[in-house]
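Structure first, commentary second.
There are 2 protein chains.
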Amino acid sequence: MSEDYTPMWKSLGMDLDAHDALLGVLGQGYQEIYLAQKNRPEGMGYFDFVMSEVHGLRIKELLDEKKQNRKIIGSYCVFVPEEIALAGGATLVGLCSGADFAVEEVEKHLPRNTCSLIKSSFGFKLGRVCPYLESADMIVGENTCDGKKKAYETFAGIVDNLYVMDLPQVKSSQGRSLLKAEYERFKIAVEKLTGNKITVESLKEGIKVVNAKRAALHRLATLRKADPAPISGLDALLANQVFFYDNPARFTESVNKICDELEVRIKKNQGVFPSKTPRILISGCPMAVPNWKLPWIIETSGAVIVGEESCVGERGTRNLTEDSGKNLDELMEAITDRYFKVDCAIFTPNQDRSDHIVEMVKAYGADGVIHYGLQFCQPYIMESIPVENKLEKIGIPCMRIETDYGMEDVGQLKTRVEAFIEQISD
Amino acid sequence: MSEDYTPMWKSLGMDLDAHDALLGVLGQGYQEIYLAQKNRPEGMGYFDFVMSEVHGLRIKELLDEKKQNRKIIGSYCVFVPEEIALAGGATLVGLCSGADFAVEEVEKHLPRNTCSLIKSSFGFKLGRVCPYLESADMIVGENTCDGKKKAYETFAGIVDNLYVMDLPQVKSSQGRSLLKAEYERFKIAVEKLTGNKITVESLKEGIKVVNAKRAALHRLATLRKADPAPISGLDALLANQVFFYDNPARFTESVNKICDELEVRIKKNQGVFPSKTPRILISGCPMAVPNWKLPWIIETSGAVIVGEESCVGERGTRNLTEDSGKNLDELMEAITDRYFKVDCAIFTPNQDRSDHIVEMVKAYGADGVIHYGLQFCQPYIMESIPVENKLEKIGIPCMRIETDYGMEDVGQLKTRVEAFIEQISD
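Going down the list, the sequences are from chains D and A. Take any residue in the first sequence, count from 1 to its spot, add 355: that is its number in my numbering. Take any residue in the second sequence, count from 1 to its spot, add 355: that is its number in my numbering.
This is the structure in structure tokens:
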């Protein structure tokens with residue numbers, strides 16, 4: 356890190372020793388998983404820097420924004436519209452939930468049979484090691500799965516300023532009207548938090564900024580159709596992860612810069628792995644920083660990941676928000692339309708998702724799908740069986756993996772992944 | 356059983372051998388758990404008969420109703436309004452979900468980490484051993500927990516005529532309007548199924564019949580306040596279970612008859628266990644027939660169960676439906692009001708439930724609460740931690756149990772339950 360942030364972390368009430376230990380592990384993991392890769396695009400240097408400063412410079416920026424009276428909103432889910440936060444003059448950041456921390460303490464509040472992601476969000480708070488969470492003026496929870504829905508009831512007693520957003524379970528007209536009402540309520544809450552009235556102009560600007568981030572990721576995704584793949588899945592995942600943390604304009608610029616570089620690579624037929632490397636689509640639960648276990652296993656087992664059907668991936672970013680609305684209501688309708696399309700497994704039925712997986716397989720020329728389910732994540736693990744059946748019916752090999760944030764199963768997973776890659780290479 | 360029902364079961368397409376085996380196990384379990392009890396009220400003879408004929412005479416009655424063109428609606432949840440089914444001239448019955456069956460086959464469709472109740476509902480269908488399911492003209496699923504919500508997507512491919520009801524997650528005005536809309540939709544579906552138009556008169560009559568069943572169970576519950584308890588928890592649970600299967604009028608009459616008998620017992624200071632027997636309130640997941648494991652362990656370990664805070668118990672029956680509405684809309688509003696009060700753990704927040712647990716402890720003079728969570732039932736297991744904290748804060752001992760329909764943990768559970776009973780006896 357570029358400077359000593361200890362006073363800053365101290366001012367946030369963080370546990371400095373625990374946090375040092377966490378950063379140590381994170382840094383070592385990044386070294387072994389990311390920096391050990393070969394043939395990386397030069398543009399990834401920006402993301403390496405971002406990651407080295409993820410609890411440093413970026414937090415300093417947020418605290419500087421706070422000094423200018425800008426509010427920070429933390430969230431755990433792609434259903435929280437960044438457009439509305441930006442329109443209210445607030446910054447939206449994703450909150451830490453990608454690693455085990457303070458597990459023993461967490462299990463006093465949550466059942467052992469809770470998914471790693473939810474446990475992690477509690478662990479980072481209880482262990483006081485997430486500077487994003489400690490900087491946030493408002494934390495937004497949402498009624499997606501049962502696990503999160505019920506966990507937020509307890510979380511409300513642990514954090515200040517928890518705001519919970521309700522979500523529909525069915526894409527009916529009633530469901531859409533609930534989502535719209537909840538976004539209207541969120542808009543009012545943001546206005547109240549920031550003291551800024553959201554206007555047609557500010558909302559259009561918010562939509563523009565977020566769409567630009569998404570469009571940059573679409574451009575990146577399209578370039579991954581090439582064989583040899585011009586960028587690793589690990590690096591592309593990192594871009595999708597940093598999407599939630601970084602300054603939006605800078606993020607967009609950085610991703611586009613990488614894309615420029617990748618276009619040159621593709622013209623020269625250069626790749627990060629050799630041509631004809633088996634191509635994998637990952638589908639399933641989100642992977643928050645530093646949850647790189649499965650992609651790392653896959654890409655050190657002879658395959659390349661060409662797409663992420665995930666909240667931290669295409670599920671989260673594939674749709675843009677229509678910005679042609681002439682008044683606030685039309686823009687809010689457009690935002691509702693956009694998010695109502697998200698094919699999260701909390702919806703029933705959720706045919707769109709399996710259709711999209713098939714589309715992605717075809718678009719990115721994947722040879723097989725690895726379905727990633729976090730243990731005890733009922734929505735995705737339940738969907739994984741019909742997803743697998745559908746894929747296999749049309750001749751697309753699929754392997755379902757159920758795991759957590761622990762490292763105990765790495766050997767076993769590697770064996771299974773290698774066997775799967777061998778199978779799809781035939 | 357009073358006669359040979361084999362031709363009837365055969366006509367329903369059931370697996371006769373598997374079903375014989377199931378009835379054998381069920382009969383033996385009933386013998387060992389129910390008939391082995393001492394000091395039972397004579398009126399329980401009716402329920403013994405009902406249980407001995409649960410797949411026989413009752414199914415014959417349903418099939419006779421079908422011959423008269425009456426439709427049978429099967430359901431898995433207390434959110435399906437029996438009032439509406441009855442008003443449409445249909446019969447509502449609970450479907451089998453209280454025992455493991457065809458587990459290997461089930462796990463081809465559902466993840467291993469699915470609760471026993473959901474697995475059981477699949478098992479009874481895949482094994483073709485539930486005559487209620489095979490008799491049903493319409494099967495109603497509902498978006499309660501993630502597990503059920505996602506499982507019904509698969510179930511739709513396994514059964515005919517699955518109808519899925521959406522449910523809210525928050526008791527907001529949006530939530531209530533969703534519930535109302537879903538009940539209106541259900542009313543239309545019932546009318547379509549039966550060909551009968553629901554009228555003010557028929558809906559009032561439906562409400563009256565279901566309220567009478569509930570009122571009989573309220574009367575039974577009130578009598579359990581006495582010490583010595585005039586009826587075992589196992590027998591009271593059975594009445595709550597048969598609530599879902601029996602002819603409503605006959606059920607009401609039979610429960611009231613037992614209550615008459617219990618009143619005499621109470622006057623004579625007679626009980627099913629000695630006075631001062633430690634009193635337990637069970638709270639948590641529903642217990643469908645023949646899931647009697649935990650109550651049986653408790654009542655053979657020196658305690659008596661004095662109440663069930665459960666869907667198969669007071670959560671399901673404590674509220675009556677107001678019947679004073681003058682038109683269909685007023686009656687439908689009253690039905691919505693009634694079911695919107697159900698304090699299922701799918702709702703967030705769900706303070707009503709923990710308040711009700713405390714009320715029940717006081718009303719029934721319970722010495723402690725045993726929280727019953729089905730393994731992998733996230734809503735109830737997640738709530739069990741704050742419930743326990745709340746109870747212990749006000750000096751009510753609570754033990755949280757997580758189990759399934761298997762018998763492997765009986766010894767371990769018995770040890771824990773005995774220790775808890777010893778603790779609350781001090």
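The beta carbon of each residue, even a glycine, is placed where N, CA and C say it ideally should be. Predicted, not measured: the structure shown is a model, and the values here were computed from it.
Considering only residues of the same chain and omitting the five flanking positions on each side of A:Pro650, which have a CB-CB separation below 8 Å? To locate residue 650 of chain A, count along the second sequence from 1; it is residue 295. The answer, listed in chain order, is Gly588, Leu589, Leu592, Ile637, Met642, Ile660.
Examine chain D for any beta-carbon lying closer than 8 Å to the beta-carbon of A:Val525, and answer yes or no. One-based indexing of the second sequence puts residue 525 of chain A at position 170. By this cut-off, A:Val525 is an interface position.
How about the stretch 505–516 of chain D and the stretch 753–768 of chain D: do they share at least three Cβ pairs that are nearer than 8 Å? Under the 8 Å Cβ criterion, the stretch 505–516 of chain D does not count as touching the stretch 753–768 of chain D, having fewer than three qualifying pairs.
List, in chain order, every chain A residue whose beta-carbon is nearer than 8 Å to that of D:Ile736. For this step, residue 736 of chain D is matched to residue 381 along the first sequence. Near D:Ile736 (Cβ distances below 8 Å), the residues of chain A are Pro466, Asn468.
Measuring CA to CA, which of D:Phe541, D:Met687, D:Gln392 is closest to D:Met520? Position 165 of the first sequence, counting from 1, holds the residue named residue 520 of chain D. Nearest option by C-alpha distance: D:Phe541.
Through-space distance from A:Leu548 to D:Leu488, alpha-carbon basis: Start at 1 with the first residue of the first sequence, and residue 488 of chain D comes out as number 133. Start at 1 with the first residue of the second sequence, and residue 548 of chain A comes out as number 193. One alpha carbon belongs to D:Leu488, the other to A:Leu548, and they sit about 53 Å apart.
Whether A:Tyr727 touches A:Ser471 by CB criterion (8 Å): Locating residue 727 of chain A in the second sequence gives position 372, counting from the first residue. Locating residue 471 of chain A in the second sequence gives position 116, counting from the first residue. Not in contact: A:Tyr727 and A:Ser471 (Cβ atoms no closer than 8 Å).
Closest to D:Gly398 by C-alpha separation, out of D:Tyr694, D:Lys612, D:Arg771, would be which residue? Here residue 398 of chain D refers to the residue found at position 43 when the first sequence is read from its first residue. Among D:Tyr694, D:Lys612, D:Arg771, the Cα nearest to that of D:Gly398 is on D:Lys612.
What's the C-alpha gap between A:Tyr694 and A:Asp678? In the second sequence, the residue the question calls residue 694 of chain A occupies position 339. In the second sequence, the residue the question calls residue 678 of chain A occupies position 323. So the alpha carbons of these two residues sit roughly 14 Å apart.
Give the secondary structure of A:Val644 by DSSP, where H, G and I count as helix, E and B as strand, and everything else as coil. Translated into the one-based positions of the second sequence, residue 644 of chain A becomes position 289. Under the three-state reduction of DSSP output, A:Val644 falls in the coil class, being neither helix nor strand.
Determine the burial state of A:Gly626: buried for a count of at least 16 other Cβ atoms within 10 Å of its Cβ, exposed for fewer. Counting from 1 along the second sequence, the entry for residue 626 of chain A is found at position 271. The C-beta of A:Gly626 has 16 or more other C-beta atoms within 10 Å across all chains shown, which makes the residue buried.
Quick check: what's the CA-CA separation for A:Gln524 versus A:Pro741? The residue you call residue 524 of chain A lines up with position 169 of the second sequence. The residue you call residue 741 of chain A lines up with position 386 of the second sequence. C-alpha separation (whole angstroms): 19 Å.
With a threshold of 8 Å between beta-carbons, can A:Asp707 be considered close to chain D, or not? Taking the first residue of the second sequence as 1, we reach residue 707 of chain A at position 352. Not closer than 8 Å to any Cβ of chain D, the Cβ of A:Asp707 fails to qualify, so no.
The alpha helix (DSSP H) spanning A:His784 covers which residue range? Shown here, chain A extends from 356 to 781; a query on residue 784 of chain A therefore has no answer.
Measure from the alpha carbon of A:Glu747 to the alpha carbon of each residue in A:Gln733, A:Ala658, A:Ile712, then state which is nearest. Position 392 of the second sequence holds residue 747 of chain A. The shortest C-alpha separation from A:Glu747 is found at A:Ile712.
Leaving out the 5 sequence neighbours to the left and right, which residues in its chain are closer than 6 Å to D:Asp684 when beta-carbon positions are compared? By 1-based counting over the first sequence, the position of residue 684 of chain D is 329. Apart from sequence neighbours up to five positions away, no residue of its chain approaches D:Asp684 with a beta-carbon distance below 6 Å.
List, in order along the chain, the chain D residues whose C-beta lies closer than 9 Å to that of A:Ile740? Sequence index remark: in the second sequence, residue 740 of chain A carries index 385 (1-based). Going along chain D in sequence order, the residues near A:Ile740 (Cβ under 9 Å) are Lys463, His464, Leu465, Pro466, Thr509.
What does D:Phe504 reach in chain A if we use C-beta pairs closer than 7 Å? Taking the first sequence and counting its residues from 1, the one referred to as residue 504 of chain D is at position 149. Residue identity differs from the one stated: residue 504 of chain D is Lys in this sequence, not Phe. Here the neighbours are Gln524, Thr703.
With a cut-off of 8 Å on the beta carbons, I'd call A:Lys426 and A:Tyr360 a contact; round off their distance for me. One-based indexing of the second sequence puts residue 426 of chain A at position 71. One-based indexing of the second sequence puts residue 360 of chain A at position 5. The Cβ separation is near 21 Å, so there is no contact.
Taking 8 Å as the CB-CB limit, is A:Phe731 close to chain D? For the purposes of this step, residue 731 of chain A is taken as the residue at position 376 of the second sequence. A:Phe731 counts as touching chain D.
Buried or exposed for A:Ser630, going by 16 or more other Cβ atoms inside 10 Å? As a working mapping, residue 630 of chain A is identified with position 275 in the second sequence. A:Ser630 sits exposed, since fewer than 16 C-beta atoms from the chains shown fall within 10 Å of its C-beta.
Which chain D residues are close to A:Ala536, counting only those with a beta carbon under 8 Å from its beta carbon? Residue mapping note: residue 536 of chain A aligns to position 181 of the second sequence, counting from 1. Near A:Ala536 (Cβ distances below 8 Å), the residues of chain D are Gln529.
Check each residue of the stretch 478–502 of chain A: if its Cβ is closer than 8 Å to any Cβ of chain D, include it; give the result in chain order. Listed by position along the chain: Asn498, Cys500, Asp501, Gly502.
Leaving out five residues on either side along the sequence, give the residues of the same chain with a beta carbon under 6 Å from the beta carbon of A:Cys485. Here the question's residue 485 of chain A lines up with position 130 in the second sequence. Beyond the five residues adjoining it in sequence on each side, A:Cys485 comes within less than 6 Å, by CB distance, of Cys451, Phe479 in the same chain, given in chain order.
Indicate the three-state DSSP secondary structure (helix, strand or coil) for A:Ala721 in the structure shown. Locating residue 721 of chain A in the second sequence gives position 366, where the first residue counts as 1. Assignment of A:Ala721 by DSSP, reduced to helix, strand and coil, places it in the coil class.
Would you mind sorting A:Thr446 into buried or exposed? The rule is 16 or more other CB atoms within 10 Å of its CB. Counting from 1 along the second sequence, the entry for residue 446 of chain A is found at position 91. Buried is the call here.
Taking the continuous beta strand (DSSP E) assigned at A:Gly662, which residues delimit it? The sequence position of residue 662 of chain A within the second sequence is 307, counting from 1. Boundaries of the beta strand (DSSP E) harbouring A:Gly662: 659–664, taken from the DSSP string.
Buried versus exposed, by CB contacts within 10 Å (16 or more), A:Met762: In the second sequence, residue 762 of chain A corresponds to position 407, counting from 1. A:Met762 counts as exposed, since fewer than 16 other beta carbons sit within 10 angstroms of its beta carbon.
Give every residue of the same chain whose Cβ lies closer than 8 Å to the Cβ of A:Glu688, excluding the five residues on either side of it in the sequence, and list them in chain order. Reading the second sequence from its first residue, position 333 is the one you call residue 688 of chain A. Result list for A:Glu688: Lys535, Gly680, in chain order.
Using the C-alpha atoms, what's the distance from D:Tyr538 back to D:Ala544? Counting from 1 along the first sequence, the entry for residue 544 of chain D is found at position 189. Counting from 1 along the first sequence, the entry for residue 538 of chain D is found at position 183. Taking the straight line joining both Cα atoms gives about 10 Å.
Starting from A:Asp521, find everything on chain D with Cβ-Cβ shorter than 9 Å and list it in chain order. Counting from 1 along the second sequence, the entry for residue 521 of chain A is found at position 166. Neighbours of A:Asp521 in chain D, taken as residues whose beta carbon is under 9 Å from its own, are Pro523, Gln524, Val525, Ser527, Gln529, Gly530, Thr703 in chain order.
Close Cβ partners of A:Gly720 (< 8 Å) along its chain, the five nearest in sequence each way excluded: For this step, residue 720 of chain A is matched to residue 365 along the second sequence. Lys580, Asp582, Arg634, Val661, listed in sequence order.
I want to know whether the stretch 487–501 of chain A touches the stretch 427–437 of chain A - three or more CB-CB distances under 8 Å. Segments in contact, yes.
D:Asp692 to D:Asn674 span [Cα, whole Å]: Indexing the first sequence from 1 puts residue 692 of chain D at position 337. Indexing the first sequence from 1 puts residue 674 of chain D at position 319. Whole-angstrom Cα-Cα distance: 10 Å.
A:Ile621 vs A:Pro645 beta-carbon contact at 8 Å: Residue mapping note: residue 621 of chain A aligns to position 266 of the second sequence, counting from 1. Residue mapping note: residue 645 of chain A aligns to position 290 of the second sequence, counting from 1. Not in contact: A:Ile621 and A:Pro645 (Cβ atoms no closer than 8 Å).
With a cut-off of 8 Å, does the C-beta of A:Leu517 fall near any C-beta of chain B? Checking the listed chains, one finds no chain B in this structure; the protein chains it contains are D and A.
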